[in-house]
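Colleague: Next up is a structure, given as structure tokens.
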Amino acid sequence: MEAYSGNRARGWRKWLLNRFVLVPAAILAVAAAWNLYASTHDDGLVTGQVLDAQGKPVEGADVTLWVFSFTTFAENRSVKTGADGSFRITGNPSHHIQLSAVKPGIGSSQRIPIRLYFRSQNTTLAAPLILSGKA
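Numbered per our numbering, the sequence shown spans residues 169 to 303.
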């Protein structure tokens with residue numbers, strides 16, 4: 169009876185360590201981890217900073233969020249920068265957006281395209297929006 173239960177235990181171990189079990193289990197684990205990450209980072213928060221051509225923060229600049237709507241980008245919302253040139257946009261509904269900034273008398277930035285991995289993904293700009301030229 170003891171030999172039978174030892175073979176049985178080895179049979180289960182062999183079955184569990186089989187590639188036809190391990191590969192789908194690994195895929196399931198990665199998918200579960202991704203879904204957990206996405207569900208905890210989907211507030212639609214976009215943050216960044218606006219600087220002038222000399223690298224100084226720009227207070228009161230208008231930062232506009234453009235959202236892709238089927239064929240074109242449409243203006244979704246606009247916020248003003250704080251004293252340190254930082255901005256915070258909440259409620260981004262898309263994964264394909266663009267950002268631009270403008271302040272009369274100082275200049276405007278180029279429209280920066282941003283591709284996110286999923287809708288409403290929280291993101292922080294890697295580089296600030298730089299105002300140049302006259303607006």
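Ideal Cβ placement from N, Cα and C applies to all residues, glycine included.
Buried or exposed for Lys112, going by 16 or more other Cβ atoms inside 10 Å?
Modeller: Nothing can be reported for residue 112: it is not among the residues displayed for the chain, which extend from 169 to 303.
Colleague: I want to know whether the segment 285 to 299 touches the segment 203 to 216 - three or more CB-CB distances under 8 Å.
Modeller: The segment 285 to 299 vs the segment 203 to 216: in contact.
Colleague: Look at Ala251 and Glu227 and say whether their C-beta atoms are less than 8 Å apart.
Modeller: Contact: yes.
Colleague: Taking 6 Å as the limit between beta carbons, can you name the residues of its chain near Arg279, skipping five residues before and five after?
Modeller: Cβ neighbours of Arg279 beyond the five flanking positions: Gln266, Ser268.
Colleague: What are the partner residues of Arg181, as DSSP defines its beta bridges?
Modeller: DSSP, once it has assigned bridges, lists no residue as partnering Arg181.
Colleague: Using a Cβ-Cβ cutoff of less than 6 Å, which residues in the same chain neighbour Arg187 once the five nearest sequence positions on both sides are dropped?
Modeller: Taken in chain order, the list of residues that qualify is empty.
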